[in-house]
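In order, the protein sequence lines correspond to chains A and B. Per my numbering, the first sequence starts with residue 8, numbered consecutively. Per my numbering, the second sequence starts with residue 460, numbered consecutively. We treat Cβ as the ideally placed atom computed from N, Cα and C, and that holds for glycine. Keep in mind that this is a model prediction, so the values were computed, not measured. One structure below.
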Amino acid sequence: MMENIGIDIRQLQKEYEIKQDGRKQKFMALKGISYAIKKGKITGIIGSNGSGKSTLLKILSRITYPTAGRVEISGNVASLLEVGTGFHPELSGRQNIFLNGAILGMSRSEIKSKFDDIVSFSGVGEFIDTPVKHYSSGMYVRLAFSVAANLTPDILLVDEVLAVGDATFQQKCLEKMNDASMKDQRTVVFVSHNMSAIRQLCDEVIWLKEGEIVQAGDPDEVTMDYLRHMTTLSREKQLHERTDRNGVGGARITKLRWLGPTEILQSGQEVALEVTYRAEEVKQIENLNFRLNIFNDNGEFLTSLSNQMANANLSEAGQNGVCLCKISKLPLAEGNYYITSNLFINGILCDRVDRAFSFQVLQGDFYGSGLTNFKKSAGVYIDQHWSLLNNEL
Amino acid sequence: MSKSKTIITPEGQNIRTTLLELWQAPALIRAFASRDLHVRYAQTYLGFVWSIIQPLSGLSTLFILFFKIAGIETGKVPFLAFALSGLIFWNYFNYLLSQSASAMVAMQAMIKKIYLPRLSIPTAKALVGLVDFGVGLLLLVGICLFYNISLYGLLVFPLVLLAIAMAALGIGLTISAISLRYRDLQQIIPFALQLLFFLTPVAYPTRMLSSLLGNDWTWLVYLNPMTGTLEIFRGFLFQSPWAAEALISLALCPVLLFIGIWSFVKADKKMADIV
Numbered sequence: 008m009m010e011n012i013g014i015d016i017r018q019l020q021k022e023y024e025i026k027q028d029g030r031k032q033k034f035m036a037l038k039g040i041s042y043a044i045k046k047g048k049i050t051g052i053i054g055s056n057g058s059g060k061s062t063l064l065k066i067l068s069r070i071t072y073p074t075a076g077r078v079e080i081s082g083n084v085a086s087l088l089e090v091g092t093g094f095h096p097e098l099s100g101r102q103n104i105f106l107n108g109a110i111l112g113m114s115r116s117e118i119k120s121k122f123d124d125i126v127s128f129s130g131v132g133e134f135i136d137t138p139v140k141h142y143s144s145g146m147y148v149r150l151a152f153s154v155a156a157n158l159t160p161d162i163l164l165v166d167e168v169l170a171v172g173d174a175t176f177q178q179k180c181l182e183k184m185n186d187a188s189m190k191d192q193r194t195v196v197f198v199s200h201n202m203s204a205i206r207q208l209c210d211e212v213i214w215l216k217e218g219e220i221v222q223a224g225d226p227d228e229v230t231m232d233y234l235r236h237m238t239t240l241s242r243e244k245q246l247h248e249r250t251d252r253n254g255v256g257g258a259r260i261t262k263l264r265w266l267g268p269t270e271i272l273q274s275g276q277e278v279a280l281e282v283t284y285r286a287e288e289v290k291q292i293e294n295l296n297f298r299l300n301i302f303n304d305n306g307e308f309l310t311s312l313s314n315q316m317a318n319a320n321l322s323e324a325g326q327n328g329v330c331l332c333k334i335s336k337l338p339l340a341e342g343n344y345y346i347t348s349n350l351f352i353n354g355i356l357c358d359r360v361d362r363a364f365s366f367q368v369l370q371g372d373f374y375g376s377g378l379t380n381f382k383k384s385a386g387v388y389i390d391q392h393w394s395l396l397n398n399e400l
Numbered sequence: 460m461s462k463s464k465t466i467i468t469p470e471g472q473n474i475r476t477t478l479l480e481l482w483q484a485p486a487l488i489r490a491f492a493s494r495d496l497h498v499r500y501a502q503t504y505l506g507f508v509w510s511i512i513q514p515l516s517g518l519s520t521l522f523i524l525f526f527k528i529a530g531i532e533t534g535k536v537p538f539l540a541f542a543l544s545g546l547i548f549w550n551y552f553n554y555l556l557s558q559s560a561s562a563m564v565a566m567q568a569m570i571k572k573i574y575l576p577r578l579s580i581p582t583a584k585a586l587v588g589l590v591d592f593g594v595g596l597l598l599l600v601g602i603c604l605f606y607n608i609s610l611y612g613l614l615v616f617p618l619v620l621l622a623i624a625m626a627a628l629g630i631g632l633t634i635s636a637i638s639l640r641y642r643d644l645q646q647i648i649p650f651a652l653q654l655l656f657f658l659t660p661v662a663y664p665t666r667m668l669s670s671l672l673g674n675d676w677t678w679l680v681y682l683n684p685m686t687g688t689l690e691i692f693r694g695f696l697f698q699s700p701w702a703a704e705a706l707i708s709l710a711l712c713p714v715l716l717f718i719g720i721w722s723f724v725k726a727d728k729k730m731a732d733i734v
């Protein structure tokens with residue numbers, strides 16, 4: 008094996024057997040993947056659900072075995088598919104550090120020597136001897152992550168664990184990971200849906216789709232291609248086939264689609280949301296009201312697009328139609344969003360679909376100032392106008 | 460940077476690498492054991508006192524059922540000493556077998572999330588059981604002193620305990636491997652152990668069991684690993700004779716352990732995919 012290769016993956020295959028209606032079915036989660044992951048670098052793995060990225064990570068972590076192929080890993084491995092594995096609510100923070108550390112493969116003396124670092128990194132402080140069942144969920148996660156962050160394996164496998172904790176703590180963890188790779192020449196493999204984190208951290212990115220590598224290489228290039236692929240898929244997503252609907256029925260939103268100057272949405276662009284509906288079973292439409300609630304990736308409600316709120320009553324609406332909601336400057340910062348759609352006719356909720364439509368927004372120059380760095384925490388842009396009122400004080 | 464190299468192939472682990480990994484993970488075994496001990500009496504009012512109450516109440520039950528009601532004869536040996544000398548080993552066997560048999564199913568969440576030497580989980584249970592055994596042993600010492608029984612014979616206990624631990628772990632691991640696919644086994648364990656308790660000479664002498672079978676079939680009772688090991692222990696402690704067939708039980712213990720480890724390693728490969 009070459010000196011600068013940390014993980015050598017050769018023709019890796021994984022087949023699962025799924026029982027369906029009493030019949031055994033085979034499913035190939037990985038279809039013969041080969042890749043050499045470089046030593047001392049951070050390599051990201053992206054792909055939609057079911058692309059095989061978790062299976063790959065599980066094989067590298069030795070949780071499951073491949074069906075064919077071979078992996079050679081130089082150095083010892085620690086995997087973080089979740090933080091706080093084995094944490095027990097009745098045990099104190101101190102006891103849990105020792106337990107979790109041992110589960111992650113640390114020796115007792117290693118844990119002892121890092122104990123103070125772990126405690127101070129977590130910020131749990133005086134509560135270290137309190138059973139963790141009394142911790143707030145934030146404290147619990149911070150303590151769990153602090154143990155993991157103080158691991159010093161040659162190779163660290165991380166799965167989406169950064170999706171926990173508050174933004175400041177997440178940032179602290181990202182920095183710690185970056186540090187680890189730079190200073191100690193640690194190889195990190197990082198699976199995530201968070202494109203910002205991937206682009207911020209990784210030296211190389213692998214894009215998996217249906218158990219095969221689509222593309223690998225430069226993080227900016229690969230993530231852009233991946234996002235382009237994903238948005239073309241989701242921008243024209245047919246809503247009418249969804250059956251998980253609420254409301255009294257009789258009418259439904261059948262399609263949501265972004266229209267914009269470029270293929271991918273960017274902050275600050277002039278865009279429009281096209282809404283297609285069918286209301287054939289409603290005899291008389293007096294009052295048509297769309298309420299499209301926008302949520303961020305964490306499920307936090309941000310805002311609504313609603314013709315009623317915007318004081319536009321679509322009084323001449325027919326039984327089938329297409330509406331357009333224009334947004335002159337898209338105020339959403341880079342990130343993933345989804346829309347929960349509601350259709351009210353004559354004041355009655357006819358159709359509601361949770362996560363009807365998801366989309367991604369890339370960084371853009373909202374203010375036209377060239378300053379676009381909004382990476383540290385996602386949010387919204389507000390049109391703002393500054394002026395100097397009095398310069399004598 | 461360490462020189463170690465990990466190679467992942469479809470073959471998975473074998474018995475040698477599994478045991479080697481277990482040997483290299485004393486911190487993990489210790490951590491699991493200490494967790495179990497801490498959690499065990501968390502939020503109980505009496506705490507550790509339960510470890511004393513439990514064998515005492517067990518012994519009282521045996522005394523009433525087997526001695527007062529059934530009128531079991533234990534020869535020159537006082538009934539309480541006889542019964543307790545069996546009970547402490549039975550309790551350890553019972554604990555270790557049932558815990559190791561259910562350990563994998565109980566820890567499936569962890570098994571899906573992280574790789575660790577999985578044998579460390581049941582191995583830790585063998586250590587946890589030692590606490591209760593230690594308490595029981597102290598009670599036995601007290602009773603022996605009370606009845607003026609020489610304590611020399613007690614020195615054989617580590618050997619007997621080791622054999623019983625092997626048997627319990629072996630059976631437990633086999634069950635845990637099979638029950639990955641057939642959860643039904645988990646339902647049978649408590650019931651099967653209860654049955655086995657009555658078939659094991661804990662509170663009655665072995666000859667009561669073997670006389671039911673007749674001379675030619677006596678060896679059958681020693682297929683229960685507890686029977687012969689208890690007889691040997693009592694032979695040393697109470698200076699009573701023990702049958703040569705008791706060695707069958709003793710020899711069976713490492714065999715059971717081997718079968719357990721073998722089936723566990725075989726199941727290990729598929730563990731994360733099934734549980």
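Taking the beta strand (DSSP E) that residue i falls in, what are its first and last residues?
i, result
"B/Thr465", "Lys464 to Ile467"
"A/Gln367", "Ile355 to Leu369"
"A/Tyr345", "Gly342 to Ile352"
"B/Trp676", "Counting along the chain, B/Trp676 falls outside any beta strand (DSSP E), and DSSP gives it neither H nor E."
"A/Asn327", "Asn327 to Ile334"
"A/Phe302", "Leu295 to Asn303"
"A/Ile49", "Ile49 to Ile53"
Spatial neighbours of residue i within its chain, please: C-beta separation below 8 Å, excluding the five flanking residues on both sides.
i, result
"B/Ile630", "Leu556, Ala560, Leu715 and Gly719"
"B/Ala562", "Ile580, Pro581, Lys584, Gly631 and Ser635"
"A/Leu99", "A quick correction: the sequence has Ser, not Leu, at residue 99 of chain A. If we look at A/Ser99 and ignore the five residues flanking it on each side, its Cβ neighbours are Ile135, Asp136, Thr137, Pro138 and Val139."
"A/Arg242", "Its pLDDT being 47, under 50, A/Arg242 is placed unreliably in this model, and the value from its coordinates should be taken loosely. Result list for A/Arg242: Arg264, Trp265 and Phe366, in chain order."
Of all Cβ atoms in chain B, is any one closer than 9 Å to the Cβ of residue i?
i, result
"A/His95", "yes"
"A/Val131", "no"
"A/Gly39", "no"
"A/Lys65", "yes"
"A/Asn157", "no"
"A/Ile118", "yes"
"A/Thr50", "no"
"A/Thr71", "yes"
"A/Met35", "no"
"A/Ser5", "Residue 5 of chain A is absent from the structure shown; chain A starts at 8 and stops at 400."
"A/Arg242", "Any reading at A/Arg242 is ruled out, since the residue's pLDDT is 47, under 50, leaving its predicted position unreliable."
"A/Pro138", "yes"
Assuming residue i is part of the alpha helix (DSSP H), what are its boundary residues?
i, result
"B/Val587", "Ser579 to Phe605"
"A/Thr310", "Taken as a continuous stretch (DSSP letters only), A/Thr310 belongs to no alpha helix (DSSP H), being part of the beta strand (DSSP E) at Phe308 to Ser313."
"B/Phe552", "Phe538 to Ala565"
If you drop the 5 nearest sequence neighbours on each side, which residues of the same chain put their C-beta closer than 7 Å to that of residue i?
i, result
"B/Leu628", "Leu555, Ser559, Pro581, Ala585, Leu716 and Gly719"
"B/Asn473", "Val724"
"A/Phe105", "Ile118"
Beta-carbon within less than 6 Å of residue i's beta-carbon, same chain only, minus the 5 sequence neighbours each way: which residues are those?
i, result
"B/Phe541", "Thr533"
"A/Val196", "Thr50 and Leu164"
"B/Ser669", "Thr677 and Val680"
"B/Phe697", "Val536"
If you measure from the beta carbon of residue i to each beta carbon in chain A, is any gap under 9 Å?
i, result
"B/Leu575", "yes"
"B/Arg475", "no"
"B/Thr582", "no"
"B/Lys464", "yes"
"B/Ala731", "yes"
Practice prompt. Scan the segment 484 to 501 of chain B for residues whose Cβ lies nearer than 7 Å to a Cβ of chain A and list them as they occur along the chain.
Written response: Listed by position along the chain: Ala486, Leu487, Ala490, Arg494, His497, Val498 and Ala501.
Fill in: Segment contact, 8 Å Cβ cut-off, at least three pairs: the segment 592 to 599 of chain B with the segment 664 to 680 of chain B
no
Practice prompt. Below 7 Å between beta carbons is the criterion; list the residues of the segment 98 to 111 of chain A that meet it against any residue of chain B, in chain order.
Written response: Leu98, Gln102, Phe105, Leu106, Ala109 and Ile110
Practice prompt. Spell out a yes or no on whether the segment 62 to 79 of chain A and the segment 222 to 234 of chain A are touching, meaning 3 or more CB-CB pairs, one atom from each, closer than 8 Å.
Written response: no
Practice prompt. Specify whether the segment 35 to 52 of chain A and the segment 16 to 24 of chain A touch according to this definition: at least 3 beta carbon pairs, one from each stretch, less than 8 Å apart.
Written response: yes
Fill in: Interface residues of the segment 73 to 93 of chain A facing chain B [CB-CB below 7 Å]
Pro73, Thr74, Ala75, Arg77, Val78, Glu79, Ile80, Ser81, Gly82, Asn83, Val84, Ser86, Leu88, Glu89, Thr92 and Gly93
Worksheet item: Are three or more beta carbon pairs between the segment 249 to 263 of chain A and the segment 273 to 287 of chain A nearer than 8 Å?
Response: Segments in contact, yes.
Worksheet item: Counting pairs of beta carbons, one from the segment 639 to 650 of chain B and one from the segment 615 to 628 of chain B, are three or more of them closer than 8 Å?
Response: no
Worksheet item: Residues in the segment 618 to 632 of chain B with C-beta within 7 Å of chain A's C-beta atoms, listed in sequence order?
Response: none
Item to complete: Determine which residues of the segment 500 to 526 of chain B have a Cβ less than 8 Å from any Cβ of chain A, and write them out in chain order.
Response: Ala501 and Gln502
Discussion item. Contact between the segment 354 to 368 of chain A and the segment 322 to 335 of chain A is defined here as three or more beta-carbon pairs at a separation below 8 Å; is this criterion met?
Written reply: no
Fill in: Three CB pairs or more closer than 8 Å across the segment 501 to 516 of chain B and the segment 480 to 491 of chain B
These segments do not touch.
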